[in-house]
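Structure first, then comments.
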Amino acid sequence: MVADVDDGGTRAQAALELALVGLQADLRRHRRDQVVSLGVVGATEGLSAILAAMSAVKVRRDVPSRRPAERFVSARAAMVFLVDNAAALALSAQLLLRLARTAHALSDAERVLLPGSWESS
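Structure below.
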């Protein structure tokens, strides 16, 4: 069973990184196409820092062409899996801190890319 959790953890971390890469690309496009707020800049930089911190995991860089809303769902699902299985995966406090920062950056990014969507939740 631990092997299944370990495999799931690897897939979840890869899914999270792919979702973050896609969201970062969305934020860059948004930033390039429009006058942007400091929220866009902060969310982009936050996701960049998290990606850099997680770059030890080698994943494919081809990002599925999904909409930002689907990427947010994918990123959140991966984060929930990792946090829920933190003990079985023996996640370090440092990785859990990165996940907390990721959640904050995701919220900022969602407010920028999907205005109004966060108000209903």
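Residue numbers in the sequence shown follow the numbering used here, run continuously in steps of one, and reach 352 at the last position.
We put the beta carbon where it would ideally sit given N, CA and C, even for glycine.
On the premise that residue j lies in contact with residue i, defined as a C-beta separation below 8 Å, what is that separation, rounded to the nearest angstrom?
i	j	result
Gln255	Thr241	Not really, about 21 Å apart at Cβ, beyond 8 Å.
Leu345	Ala300	6 Å
Val272	His261	Contact flag wrong, Cβ pair sits at about 11 Å.
Gly253	Arg307	Between Arg307 and Gly253 the Cβ distance is about 13 Å, and since that is not below 8 Å, they are no contact.
When DSSP labels each residue in this structure, what does residue i get in the three-state scheme?
i	result
Leu344	helix
Ala321	coil
Gln244	helix
Val271	helix
Met285	coil
Val311	helix
Gln265	coil
Arg332	helix
Gln298	The residue you asked about is not Gln; residue 298 is Arg in the sequence shown. In this structure, Arg298 counts as coil in the three-state DSSP scheme.
Note down, in chain order, each residue of its chain lying with its Cβ closer than 7 Å to the Cβ of residue i, except the 5 sequence neighbours on either side.
i	result
Ala336	Ala274, Gly277, Leu278, Ile281
When we look at the beta-carbon of residue i and count the other beta-carbons within 10 Å, is it buried (16 or more) or exposed?
i	result
Leu251	buried
Asp238	exposed
Arg302	buried
Ser305	buried
Ala283	exposed
Within its chain, find whatever has a CB closer than 8 Å to the CB of residue i; leave out the 5 residues flanking it on each side and keep chain order.
i	result
Leu327	Val314, Ala317
Gly347	none
Leu320	Val236, Asp237, Gly240, Leu313
Asp339	Gly270, Gly273, Ala274, Gly277
Leu258	Val271, Ala274, Thr275, Leu278, Ala340, Val343, Leu344
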